[in-house]
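Trainee: Submitted below is the structure of interest, expressed as structure tokens.
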Amino acid sequence: MAVNKRKLLASAQRHVQKGALDKALKDYVRLLEADPRDANVRLKVGDLQLRRNQPKEAIDAYLKVADQFMRDGFDAKAVAIYKQVTKIDGKRYEVYLPLAELYQRLGLVSEAMAALQSAADGYQQEGKRRDALDLLRKMSSLDPSNVPSRLKVADLLAKEELKDDAVNEYDAIVAEAERQGDWETQIAVFERIVEVDPTRIEAAQGFTQLLLERNQNEQAEHVARKCVEADADRAESNELLAEVLSALGKHGEAVEFFKRAAVAWRELGDEAKARDLMQRHVSDDAIDFGAGDLRNENAKDSPFGDASLETDVGFEDPPTRGIGDLADPDAEMDLGFDADSNSESASAEELEELVPEPVDDDGVGVDAEQLLAEASVYVRYGKHEKAIEAIQQVLQHEPANAVAFEQMGDTLAAAGHEAPAVEAWVKAATLLSPDTDAERIESLRARVAARN
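Quick look at the structure:
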């Protein structure tokens, strides 16, 4: 039997005006039975149920309309209805999911984040951590650059004892904080990683390095010792602890850990690294390397002994060239060997390509110390190209920066580019004065000698 829609609407309106809500509701229900997609009539049903103090039935009606609007593309109308539902029942947290999606479709990312946050907070209060975690993960996917939001995800993962997932999320946060140049957040997150998984030595070392660069040396010592306790034979851990101890003025103890690091590097087959550590940080005291001792028993002047190292490379005396000699751009520092005789004859050209042309600063300049510190961090994570880019910025503005050339050599060597690394160290030596920088020149000599 056909329904007279106009007649039923008029009847429902009269009943509403008279306060006969039950009769009005029956009229609207009959209309919906005839046309279930009539959103306006279903909204009237929701309004009547609310007036009849039936919030659950009202919400059911409203949600059906909101879902219909959302599917039909009426996003703004759907948002208004979902918000109405949250006002009626603030614990209907599932409503925030479609609401957040609608905000996102409308380009309102911050509103979407707020909707998900409200639901996540509610679920956490009710002890529904997994539900809260799902919402927080959606938040982090909406805006990966939002570090506070991602930290909440990682912290909740840690509380749920999902260690691997938590550490993976912390790692991603560290990378994002690094991209943003947020050092404080990196330090805070490194600390959380160590708390969640003490075996993550690489993360602990990164944390220690940041503390060291921020002169938080006592805290750096605590974490560095944890690294050594986790793996006493790890070369990197022993070397880092030695550096921290040196910064704290504990030189005697630092030497012992430099020795341990040298032994570990040699066992890994990196004799050049072992020699470099000994030459720079350890005196002539003997070090037991076993049958393959790096020292030569006839040597007197070098902790690595090989007397031929002195004469072949020609470093009998400190280099005679000082800062004043730099006025002659064609002058060569007397290092006792022909740098161009290296088997990789293109090394000088490779280095020249790496060093940018100087620029006119107009008095602006760059923060060389900060850039070189960043380069050190990049090297520790194996990001040699980024490290080189940072050093290049320094050299572009400060082409006579010996520290930058020395660090360029160290970075190139770490990346496996031995020949241009030697050229960079040689260049660094030419920029130093033997009167004031004899120790650094000796260190450069040792690195060159180990590879040339």
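Heads up, the sequence shown is in numbering that gives the first Met the number 0, so the first residue is 0 and it goes up one at a time.
The C-beta atom is built at its ideal place from N, Cα and C for all residues, glycine as well.
(1) Taking 8 Å as the limit between beta carbons, can you name the residues of its chain near Leu-209, skipping five residues before and five after?
(2) Report yes if the C-beta distance between Ala-445 and Asp-275 is below 8 Å; otherwise report no.
(3) Do you know offhand how far Tyr-27's Cα is from Leu-7's?
(4) Consider the C-beta atom of Lys-426 and the heavy atoms of the ligand MN; say whether any pair is separated by less than 7 Å.
(5) Output yes or no for whether 8 Å exceeds the beta carbon distance between Asp-74 and Leu-101.
(6) From the beta carbon of Ala-131, is the nearest beta carbon of chain C less than 8 Å away?
(7) Using a 10 Å radius around the Cβ and a threshold of 16 neighbouring Cβ atoms, would you call Gln-392 buried or exposed?
(8) Am I right that Leu-411 and Ala-423 are in contact with their C-beta atoms under 8 Å? What's the rounded C-beta distance?
(9) Check whether the Cβ atoms of Lys-55 and Phe-68 lie closer than 8 Å to each other.
(10) Can you find the residues in the same chain that come closer than 7 Å, C-beta to C-beta, to Gln-406, ignoring five residues on each side of it along the sequence?
(11) Between Asp-37, Arg-213 and Ile-192, which has its C-alpha nearest Asn-167's C-alpha?
(12) Ala-157 lies in the alpha helix (DSSP H); which residues open and close that run?
(13) Taking Phe-404 as the reference, give the member of Ser-144, Leu-431 and Lys-385 with the closest Cα.
(14) Where does Lys-258 sit, in a helix, a strand or coil, going by DSSP?
(15) Looking at Ile-200 and Arg-224, is the spacing between their C-beta atoms short of 8 Å?
(16) Could you give the DSSP three-state label for Gln-123: helix, strand or coil?
(17) Classify Ser-140 as buried or exposed, calling it buried when 16 or more other Cβ atoms lie within 10 Å of its own Cβ.
(18) Which two residues bound the contiguous alpha helix (DSSP H) that contains His-14?
(19) Taking the alpha helix (DSSP H) that His-396 falls in, what are its first and last residues?
(20) Between the C-alpha atoms of Leu-98 and Asn-216, what's the straight-line distance to the nearest angstrom?
(21) Assign Arg-450 to one of three DSSP states: helix, strand, or coil.
(22) Distance check for Glu-242 and Pro-302, CA to CA, integer angstroms please.
(23) Note down, in chain order, each residue of its chain lying with its Cβ closer than 8 Å to the Cβ of Arg-136, except the 5 sequence neighbours on either side.
(24) Identify the continuous alpha helix (DSSP H) that holds Asp-275 and give its terminal residues.
(25) Taking 6 Å as the limit between beta carbons, can you name the residues of its chain near Ala-165, skipping five residues before and five after?
(26) Three-state secondary structure (DSSP) at Gln-369?
(27) Anyone know if the C-beta pair for Asp-66 and Met-112 falls short of 8 Å?
(28) What would DSSP say about Leu-431, mapped onto helix, strand or coil?
(29) Using only alpha-carbon positions, find the residue among Ala-33, Asp-21, Arg-128 and Ile-387 that is nearest to Pro-355.
(30) Between Val-40 and Leu-30, which are expected to be in contact by the criterion C-beta below 8 Å, what is the C-beta distance as a whole number of angstroms?
(31) Using the rule of at least 16 other Cβ atoms within 10 Å of the residue's Cβ for burial, across every protein chain shown, is Glu-238 buried or exposed?
(32) Ala-219 and Pro-197: beta carbons closer than 8 Å?
(33) For Val-15, which residues in the same chain have their Cβ closer than 7 Å to its Cβ, ignoring the five residues on either side in sequence?
(34) For Arg-279, which option in Arg-50, Asp-37 and Ala-449 has the closest C-alpha, if you only look at C-alpha atoms?
(35) If I follow the unbroken alpha helix (DSSP H) through His-221, where does it start and stop?
Mentor: On the basis of the data shown:
(1) Trp-182, Gln-185, Ile-186, Phe-189 and Val-376
(2) yes
(3) 8 Å
(4) The ligand MN is not part of the structure shown, which contains no ligands of any sort.
(5) yes
(6) No chain C is part of this structure, which consists of one protein chain only.
(7) buried
(8) 6 Å
(9) No, the Cβ-Cβ distance between Lys-55 and Phe-68 is not below 8 Å.
(10) Leu-371, Ala-374 and Ile-390
(11) Ile-192
(12) 146–158
(13) Leu-431
(14) Correct three-state label for Lys-258: helix.
(15) Cβ atoms of Arg-224 and Ile-200: not closer than 8 Å.
(16) Gln-123 falls in the helix class under three-state DSSP.
(17) Per the 10 Å Cβ criterion, exposed.
(18) Note, His-14: alpha helix (DSSP H), 4–16.
(19) From DSSP, the alpha helix (DSSP H) with His-396 extends over 383–396.
(20) 48 Å
(21) Secondary structure of Arg-450 (DSSP, three-state): helix.
(22) Here the model assigns Pro-302 a pLDDT of 31, short of 50, so the residue's position is not dependable, and the following value carries that caveat. Going by the C-alpha atoms only, they are around 19 Å apart.
(23) Cβ neighbours of Arg-136 beyond the five flanking positions: Val-152.
(24) Counting along the chain, the alpha helix (DSSP H) containing Asp-275 begins and ends at 270–280.
(25) Hits under 6 Å: Ala-153, Leu-156, Ala-157 and Val-195.
(26) helix
(27) no
(28) coil
(29) Ile-387
(30) The Cβ separation is near 5 Å, so the contact holds.
(31) buried
(32) no
(33) If we look at Val-15 and ignore the five residues flanking it on each side, its Cβ neighbours are Ala-23.
(34) Ala-449
(35) 216–229
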